[in-house]
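My numbering numbers the first residue of the sequence shown as 2 and each following residue consecutively. I have placed the structure first, in the form of structure tokens, so that the comments after it can refer back to it.
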Amino acid sequence: MEWNDTYSIDGGEIDREHKIIIDLINQIEGAEALQDVTENITSTLETYVAEHFLHEEEYMASVGYPGLEEHKEMHRKFSNVAVNMIDELGSSGSVAQIELKTFLQNWLQAHILDEDMKIRDWVTASK
């Protein structure tokens with residue numbers, strides 16, 4: 002997968018962090034063995050979950066985004082699933098690797114390219 006500027010939310014930190022998801026998907030696809038995936042991806046995903054959601058929520062608050070609370074709930078659900086998948090990745094082998102890749106791709110499509118675009122559209126419309 003490649004980043005496309007049509008995915009851009011803020012042209013800054015949030016976009017850089019969204020590119021991490023694309024990079025993680027590409028790392029999973031390119032990994033020859035589960036070991037290649039586990040060490041780097043679990044660390045990156047844990048950091049992503051901890052930091053990115055906070056940054057995005059701070060951004061939404063700063064622009065007065067009206068869907069902030071609903072968006073926070075989506076982030077909490079993602080975090081819970083991601084933590085469980087990270088745990089499974091260490092013990093379940095290649096099935097968990099495929100599930101993680103699918104989960105991240107679905108998150109990219111359903112959340113970043115749909116829900117996060119609502120933030121961009123709202124900011125654009127409120128200018």
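For glycine and all other residues, C-beta sits at the position ideal for the given N, C-alpha and C. Computed from a prediction, not measured in an experiment: that's the story for all the values here.
Alpha helix (DSSP H) segment containing residue i, residue limits
i    : result
L114 : Taken as a continuous stretch (DSSP letters only), L114 belongs to no alpha helix (DSSP H), as it is neither H nor E.
P27  : Looking at the sequence provided, one finds Asn at residue 27 rather than Pro. That run of the alpha helix (DSSP H) goes E14 to G31.
Nonlocal neighbours in the same chain, by C-beta distance under 6 Å from residue i, ignoring five residues either side
i    : result
H53  : E18
R121 : I10
S80  : V50
I21  : Y49
Residue i (DSSP reduced to helix, strand or coil)
i    : result
K78  : helix
Y49  : helix
N5   : coil
V124 : helix
Y60  : helix
D11  : coil
Residues near residue i in its chain [Cβ-Cβ closer than 7 Å; skip 5 each side]
i    : result
Q106 : I26
A83  : L46 and V50
M75  : H112 and E116
Y66  : I120 and W123
I15  : H56, E57 and Y60
E89  : A97
Contact set for residue i: own chain, Cβ-Cβ below 8 Å, skip 5 residues either direction
i    : result
L114 : Y8
I23  : M2, E3, W4 and L109
Supposed close pair residue i, residue j - CB separation, criterion 8 Å
i   : j   : result
M61 : L55 : M61 to L55, Cβ: 11 Å. No contact.
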